[in-house]
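One structure is given below, encoded as structure tokens.
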Amino acid sequence: MSNGLRTRWKQRLGALQQMAAGAEDWLAGRSPRERVMVFAGGFMAVALIWQMALLSPQSSRLTSLQSEQETLESQMDGLRSTIAALEEQTEDVEDPDQTVRERIASLESQIEAIRAGESRRDLAFITLMPAEEAIDRIGSAIKSEPAPRIIGFDRQPGAGIAVGSDDRTTNVAIDHRRMRLTVEADYAQTVALLARLEALTVPLVWRSMDYEVSDHPMARVTLRFDIYAAAQVD
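So that you can map any letter, position 144 of the sequence shown is 144 in this note's numbering, and since no number is skipped, the others follow by simple counting.
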């Protein structure tokens with residue numbers, strides 16, 4: 001039984017070696033331009049897989065958080081309307097019914113619970129450090145070895161986020177920055193750069209990644225991502 005397995009593995013290994021040799025012979029017979037195109041195809045596949053792995057979970061999380069906020073706001077509006085109706089009923093009598101009073105108190109407690117839960121929602125993409133400090137850390141990660149050649153690093157203010165909508169709700173101002181980083185790097189430098197950025201304590205909200213093979217094995221890579229920093233708490 002052991003000899004049979006060893007024989008089958010040798011046969012498979014031999015077939016793989018023949019395929020690898022055939023691929024080497026095929027590449028040896030191609031022009032430099034065709035080899036660059038083959039490299040670009042492999043780089044494209046790795047880049048697309050990396051981009052999907054980074055962007056999809058964060059986009060889903062942002063959509064989920066927006067939906068949760070809309071649901072909570074709708075619940076709070078409904079509870080306020082009910083309280084207003086009950087308060088109108090109490091104005092028509094000299095001594096409001098105790099049940100109505102208890103109902104109002106219960107609804108007010110529910111609103112406070114919703115507010116407390118809203119303030120504790122998991123906004124994992126918001127950093128508590130100032131935006132400028134977060135940008136400095138990103139810059140240091142970009143320049144770390146093996147460092148790519150930086151072509152451009154643009155930082156623009158974004159639309160921001162406001163949590164809270166009235167005087168009775170805690171307001172949090174969010175400093176939103178949109179960034180575009182363009183570098184020229186080989187495959188190893190590109191992978192190392194992405195790994196360093198992902199390892200930062202600053203949460204990055206990835207938007208897109210574009211690339212273009214410029215001079216084999218170098219490629220021009222453009223990364224677009226955002227950061228959200230808590231700027232002020234009232």
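C-beta: ideal position from N, C-alpha, C; glycine also.
So if DSSP puts residue i in a beta bridge, which residue, or which two residues, is it bridged to?
| i | result |
| --- | --- |
| alanine 84 | Answer is none; alanine 84 lacks a bridge partner. |
| glutamate 184 | Arg149, Arg220 |
| threonine 127 | Ala229 |
| arginine 155 | Met179 |
Between which two residues does the beta strand (DSSP E) carrying residue i extend?
| i | result |
| --- | --- |
| serine 214 | 205-215 |
Note down, in chain order, each residue of its chain lying with its Cβ closer than 6 Å to the Cβ of residue i, except the 5 sequence neighbours on either side.
| i | result |
| --- | --- |
| aspartate 167 | Confidence in aspartate 167 is poor, its pLDDT being 48 and thus under 50, which makes the residue's placement too unreliable to answer from. |
| glutamate 212 | Arg220 |
Quick one: what's got a C-beta closer than 7 Å to residue i's C-beta in the same chain, skipping five residues either side?
| i | result |
| --- | --- |
| serine 165 | Since pLDDT at serine 165 reaches only 48, below the 50 mark, its modelled position is unreliable, and the value read off the structure follows with that caveat. Closer than 7 Å at the Cβ level, and outside the excluded window around serine 165, lies no residue. |
| leucine 223 | Leu181, Met209 |
| proline 130 | Ala229 |
| alanine 134 | Thr127, Val202, Ile227, Ala229 |
Give me, in chain order, the residues of the same chain whose beta-carbon lies closer than 8 Å to that of residue i; leave out the 5 immediate sequence neighbours on both sides.
| i | result |
| --- | --- |
| aspartate 186 | Pro217, Met218, Ala219 |
| aspartate 136 | none |
| alanine 159 | His176 |
| serine 214 | Glu184, Arg220 |
Do three or more CB pairs link the segment 149-161 to the segment 201-217 at distances below 8 Å?
-> Judged by Cβ distances under 8 Å, the segment 149-161 makes no contact with the segment 201-217, as fewer than three pairs qualify.
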